[in-house]
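Participant:
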Amino acid sequence: MRKNIWRIKRKVRSFYDHFSLIPFGSSVNTRFIILTSPRSGSNLLSNHLRIHKNIMMHSEIFNLFAISRTELDSILINPRSYLKDILEKRSPPSINTLGFKIFYSQANELQLSPDLNLALGIPEPGDDWRKKISGVQDYVNQNYDNEKIAAGFRDVWTLLEEDTSIKVIHLIRENKLKQFLSLYRASVTDVWKSYDKKTLKDTPVSLQYEDCLNFFKKYTSWEHEFDELFYKHDKISITYEEFVKNKIPVLKKVQNFLNVPLREDLSTGLVKQRGGSLSETIFNYRELKSNFKNSEWEHFFED
Numbered sequence: 097m098r099k100n101i102w103r104i105k106r107k108v109r110s111f112y113d114h115f116s117l118i119p120f121g122s123s124v125n126t127r128f129i130i131l132t133s134p135r136s137g138s139n140l141l142s143n144h145l146r147i148h149k150n151i152m153m154h155s156e157i158f159n160l161f162a163i164s165r166t167e168l169d170s171i172l173i174n175p176r177s178y179l180k181d182i183l184e185k186r187s188p189p190s191i192n193t194l195g196f197k198i199f200y201s202q203a204n205e206l207q208l209s210p211d212l213n214l215a216l217g218i219p220e221p222g223d224d225w226r227k228k229i230s231g232v233q234d235y236v237n238q239n240y241d242n243e244k245i246a247a248g249f250r251d252v253w254t255l256l257e258e259d260t261s262i263k264v265i266h267l268i269r270e271n272k273l274k275q276f277l278s279l280y281r282a283s284v285t286d287v288w289k290s291y292d293k294k295t296l297k298d299t300p301v302s303l304q305y306e307d308c309l310n311f312f313k314k315y316t317s318w319e320h321e322f323d324e325l326f327y328k329h330d331k332i333s334i335t336y337e338e339f340v341k342n343k344i345p346v347l348k349k350v351q352n353f354l355n356v357p358l359r360e361d362l363s364t365g366l367v368k369q370r371g372g373s374l375s376e377t378i379f380n381y382r383e384l385k386s387n388f389k390n391s392e393w394e395h396f397f398e399d
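Number 399 marks the last residue of the sequence shown (this note's numbering); no jumps.
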C-alpha cells in the first residue's frame, strides 16, 4: 500500500512538472542544485524533496543517457540555453523553489569519451550499461560537433558558478569503498534504484586494489575541486552517512536552507539497495584491507 501511494505521488508531481510550462505560471524565489556523484544517496534526497508541495525537484538534467531524445538534442544544440530554460521555467503558484541534481562528471566532455566507464572509475560495466552509453555516443558523433558540445558544457559550469543566487547542497559519501562497491554493482546490473527489497540480494564481488585506489583519489579530488568552485555560493554540505542515520533532522536542515515550510511527512518508496557488511559483500576484503593499511584510505575498511 505504501509503495502504491508513493507511485501515485510521483505521477502527481510529474503532472505538475508538465504544466509548469504554462505561460501564466510564476517565477520561483529560490533555485538550487544538489551537487554530488553517483551512489551518494542523491536519489533518496531528491525523492524526499520532490514530495514537498513547494519544491519542483528535477532529476539529473544533464544525464545524457537517461533523458529523452528531445531533451538530448536541446542539450547538444545549446547546453547553456537548455539550463537557462529550466532555471527560468514558469511554475504553478504553489511552487517557489526549484532544483536539480548534477554530478561532477555531467555537463562534461567525459560523457562523450569512449572510455567513460574508466573516467568514472568503473572497470567492468555490464553489457546493458555499455549498450546504453555507446548508443548515445554514436548518435552524438554522427550528428554533432564534439568540440562545440564540450565548449557548451564549460559554459554550463560557468553559468552555475557565476550565478551566486543559486544555492548549493553538496552531498558526498564519506566511505568511498562503499560508494565504489555500490557503483560497481549498479553499473554491472544497470539497477540504479529500487522500490522492492526482494531484488537486492547479490553474491560477493572481488575488487582490484588499483581500481579502488583510482576511485578513492578521483572522487576525493572532485569533491574538493567542486566545493572550491562554489565557494561564493550559499552552500551546505551533507554526507550520505549523516543523512541515512539522521534522516529527519537532515531533511529539516535542508528545508530551512531552502526557506520552505517544514514538513516531516516527506516519505519515499525507495529502499537501500545493498545490505550486509563490507567483509560479506567483498570477496577479497581482507586482502584489500591489508593493502590499504596505514594509508589515508584505511578508515574506509570498517570491518
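Where is the CB? At the ideal position from N, CA and C, for every residue including glycine.
Any chance you could list the beta strand (DSSP E) runs of at least 3 consecutive residues sitting entirely within the segment 292-350, in chain order?
Facilitator: The segment 292-350 contains these whole beta strand (DSSP E) runs: 331-335.
Participant: With a threshold of 8 Å between beta-carbons, can D224 be considered close to chain B, or not?
Facilitator: Absent from the structure is chain B; it holds one protein chain and no more.
Participant: On the CB-based measure, 16 or more other CB atoms within 10 Å of its CB, does S187 come out buried or exposed?
Facilitator: By 1-based counting over the sequence shown, the position of residue 187 is 91. Buried: at least 16 other Cβ atoms inside 10 Å.
Participant: Quick one: what's got a C-beta closer than 6 Å to G137's C-beta in the same chain, skipping five residues either side?
Facilitator: Residue 137 sits at position 41 when you count from the first residue of the sequence shown. So the qualifying residues of the chain are Y336 and F339.
Participant: Since T127 sits in a beta bridge, which residues does DSSP pair it with?
Facilitator: In the sequence shown, residue 127 corresponds to position 31, counting from 1. The sequence shown places Arg at residue 127, rather than the Thr named in the question. Beta-bridge pairing links R127 to L194.
Participant: How many Å lie between K331 and L212 at the Cα?
Facilitator: Stepping through the sequence shown from its first residue, residue 331 is reached at position 235. Stepping through the sequence shown from its first residue, residue 212 is reached at position 116. Taking the straight line from one Cα to the other gives about 29 Å.
Participant: By the 10 Å Cβ neighbour count, where 16 or more other Cβ atoms means buried, how is P134 classified, buried or exposed?
Facilitator: Position 38 of the sequence shown, counted from the first residue, corresponds to residue 134. Buried: at least 16 other Cβ atoms inside 10 Å.
Participant: Does the beta-carbon of Y305 have 16 or more other beta-carbons within 10 angstroms, so that it is buried, or is it exposed?
Facilitator: The residue you call residue 305 lines up with position 209 of the sequence shown. Counting Cβ neighbours within 10 Å, Y305 comes out exposed, since fewer than 16 surround it.
Participant: Applying the criterion that 16 or more other CB atoms from any shown protein chain within 10 Å of the CB defines a buried residue, is N143 buried or exposed?
Facilitator: Position 47 of the sequence shown, counted from the first residue, corresponds to residue 143. Buried is the call here.
Participant: Along the beta strand (DSSP E) that carries K149, what are the first and last residues, could you check?
Facilitator: On the sequence shown, position 53 is the one that residue 149 refers to. Where K149 is concerned, there is no enclosing beta strand (DSSP E), given that its DSSP letter is neither H nor E.
Participant: Which residues does DSSP list as the beta-bridge partners of K49?
Facilitator: This structure gives no information on residue 49, because the portion of the chain shown stretches from 97 to 399.
Participant: Distance check for L145 and E321, CA to CA, integer angstroms please.
Facilitator: Position 225 of the sequence shown, counting from 1, holds the residue named residue 321. Position 49 of the sequence shown, counting from 1, holds the residue named residue 145. Answer to the nearest angstrom: the Cα atoms are 26 Å apart.
Participant: Which residues in the same chain have their Cβ closer than 7 Å to the Cβ of I229, if we skip the five residues on either side of it in sequence?
Facilitator: For the purposes of this step, residue 229 is taken as residue 133 along the sequence shown, with counting starting at 1. Closer than 7 Å at Cβ, skipping near neighbours: F161 and L212.
Participant: Is G195 near I130, with beta carbons less than 8 Å apart?
Facilitator: For the purposes of this step, residue 195 is identified with residue 99 of the sequence shown, where counting begins at 1. For the purposes of this step, residue 130 is identified with residue 34 of the sequence shown, where counting begins at 1. Result yes, Cβ atoms of G195 and I130 sit closer than 8 Å.
Participant: Measuring alpha carbon to alpha carbon, tell me which residue in Q275, S333 and D224 is nearest T377.
Facilitator: Position 281 of the sequence shown, counted from the first residue, corresponds to residue 377. When each option's Cα is compared against that of T377, the closest is Q275.
Participant: For L140 and L362, I'd like the C-alpha separation in whole angstroms.
Facilitator: Translated into positions along the sequence shown, residue 140 becomes position 44. Translated into positions along the sequence shown, residue 362 becomes position 266. Rounded to whole angstroms, L140 to L362 spans 11 Å at the Cα level.
Participant: Report the partner residues of E156 according to the DSSP bridge assignment.
Facilitator: Position 60 of the sequence shown, counted from the first residue, corresponds to residue 156. E156 pairs with K197.
Participant: T132: buried (16+ other C-beta within 10 angstroms of its C-beta) or exposed?
Facilitator: Residue mapping note: residue 132 aligns to position 36 of the sequence shown, counting from 1. That one is buried.
Participant: Can G217 and K314 be called in contact, C-beta distance under 8 Å?
Facilitator: In the sequence shown, the residue the question calls residue 217 occupies position 121. In the sequence shown, the residue the question calls residue 314 occupies position 218. Contact: yes.
Participant: May I have the straight-line CA-CA distance separating K227 from L358, to the nearest angstrom?
Facilitator: Here residue 227 is taken as the residue at index 131 of the sequence shown, counted from 1. Here residue 358 is taken as the residue at index 262 of the sequence shown, counted from 1. Each residue's alpha carbon lies about 43 Å from the other.
Participant: Work out the CA separation of N390 and V252 for me, nearest whole Å.
Facilitator: To locate residue 252, count along the sequence shown from 1; it is residue 156. To locate residue 390, count along the sequence shown from 1; it is residue 294. Approximately 40 Å between the Cα atoms of the pair.
Participant: Can you confirm whether the segment 174-188 touches the segment 263-281 when touching is taken to mean that 3 or more C-beta pairs between the two stretches lie within less than 8 Å?
Facilitator: No, the segment 263-281 does not touch the segment 174-188.
Participant: According to DSSP, is I245 helix, strand or coil?
Facilitator: Working through the sequence shown from its first residue, we reach residue 245 at position 149. In this structure, I245 counts as helix in the three-state DSSP scheme.
Participant: Is it buried or exposed, G248, if we count other Cβ atoms within 10 angstroms and call 16 or more buried?
Facilitator: Position 152 of the sequence shown, counted from the first residue, corresponds to residue 248. So G248 counts as buried.
Participant: Going by the CB atoms, is the gap between D307 and P219 shorter than 8 Å?
Facilitator: Here residue 219 refers to the residue found at position 123 when the sequence shown is read from its first residue. Here residue 307 refers to the residue found at position 211 when the sequence shown is read from its first residue. Yes, Cβ-Cβ distance for P219 and D307 is below 8 Å.
Participant: Alpha carbon to alpha carbon, how far is L117 from K185?
Facilitator: Taking the first residue of the sequence shown as position 1, residue 117 is located at position 21. Taking the first residue of the sequence shown as position 1, residue 185 is located at position 89. Because the pLDDT at L117 is just 46, under 50, the model does not fix this residue reliably, and the point stays unresolved.
Participant: May I ask you to report which of helix, strand or coil DSSP gives S187?
Facilitator: Reading the sequence shown from its first residue, position 91 is the one you call residue 187. In this structure, S187 counts as strand in the three-state DSSP scheme.
Participant: Out of F199, N342, W393 and N192, which has the shortest C-alpha to C-alpha gap to S155?
Facilitator: Mapped onto the sequence shown, residue 155 falls at position 59. Looking at the Cα atoms, F199 is the closest of the given residues.
Participant: May I have the straight-line CA-CA distance separating L309 from L255, to the nearest angstrom?
Facilitator: Locating residue 309 in the sequence shown gives position 213, where the first residue counts as 1. Locating residue 255 in the sequence shown gives position 159, where the first residue counts as 1. Cα to Cα, the separation comes out at about 33 Å.
Participant: Answer with buried or exposed for S283, where buried requires no fewer than 16 other C-beta atoms within 10 angstroms of its C-beta.
Facilitator: As a position in the sequence shown, residue 283 is number 187, starting the count at 1. It is buried - the Cβ of S283 has at least 16 other Cβ atoms within 10 Å.
Participant: Spatial neighbours of R109 within its chain, please: C-beta separation below 6 Å, excluding the five flanking residues on both sides.
Facilitator: To locate residue 109, count along the sequence shown from 1; it is residue 13. Low confidence applies to R109: its pLDDT is 49, below 50, so where it sits in the model is not reliable, and the reading given next is rough at best. For R109, where only same-chain residues beyond five positions count, the Cβ hits under 6 Å are R146.
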